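Chemist:
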Amino acid sequence: MKVTIEDWSAVATWVWDLADPNDLCGICQNQFDGVCGSCKTPRGGDECPLLFGECSHVFHMHCILKWLEGDAKDLCPMCKRKWSAATASAYQADLAAKAEAEGAGLVQAQGGQQQGQQQQQQQ
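Position in the sequence shown (from 1) plus 617 gives the number in the working numbering.
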């Protein structure tokens, strides 16, 4: 049997690489893969990028810029620390370190359970 493909449409999806993919912008309360209320285009992504703060909070770029232009006195709307933008790679490194620390705790806990099971089997 020979099959011929007459038409093919590639479909791709993307998501922001965040600690919680279901997280919301703390200012507009919209999902990060959507757009903020200030955007005129419904596409999101490059049209409505995210800004990562040194304090580990993330916002739509338009939301945080509008916030900082107001009476916010350059403070993060979530933790009230001085807002300073971090690079995405610094944010990702911080997430990786937290995940590694949590994973190490899980491995230790699992190792302790395994040792306890081995001791019970020996008795």
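Don't be surprised by glycine CBs; every beta carbon is placed ideally from N, CA and C.
Keep in mind it's a predicted model, so treat the numbers as computed, not measured.
Can you name, in chain order, every residue of its own chain whose Cβ lies under 6 angstroms from the Cβ of residue 742, other than the five neighbours on each side?
Modeler: Residue numbering for the chain in the displayed model covers 618 to 740; residue 742 lies beyond these limits and cannot be assessed.
Chemist: Which partner residues does residue 699 have in the DSSP bridge list?
Modeler: Note: residue 699 sits in a beta bridge opposite 692.
Chemist: Quick check on residue 635: does DSSP put it in helix, strand or coil?
Modeler: Here residue 635 sits in coil by DSSP.
Chemist: I'd like the span of the beta strand (DSSP E) that includes residue 667, first residue to last.
Modeler: Where residue 667 is concerned, the enclosing beta strand (DSSP E) stretches over 667-670.
Chemist: Are there 16 or more other CB atoms within 10 angstroms of the CB of residue 693, so buried, or fewer, so exposed?
Modeler: Its Cβ being crowded by 16 or more others within 10 Å, residue 693 is buried.
Chemist: Can you tell me the Cβ-Cβ gap for residue 655 and residue 683, rounded? I've got them flagged as a contact below 8 angstroms.
Modeler: Yes, residue 655 and residue 683 are in contact; Cβ-Cβ is about 6 angstroms, under 8 angstroms.
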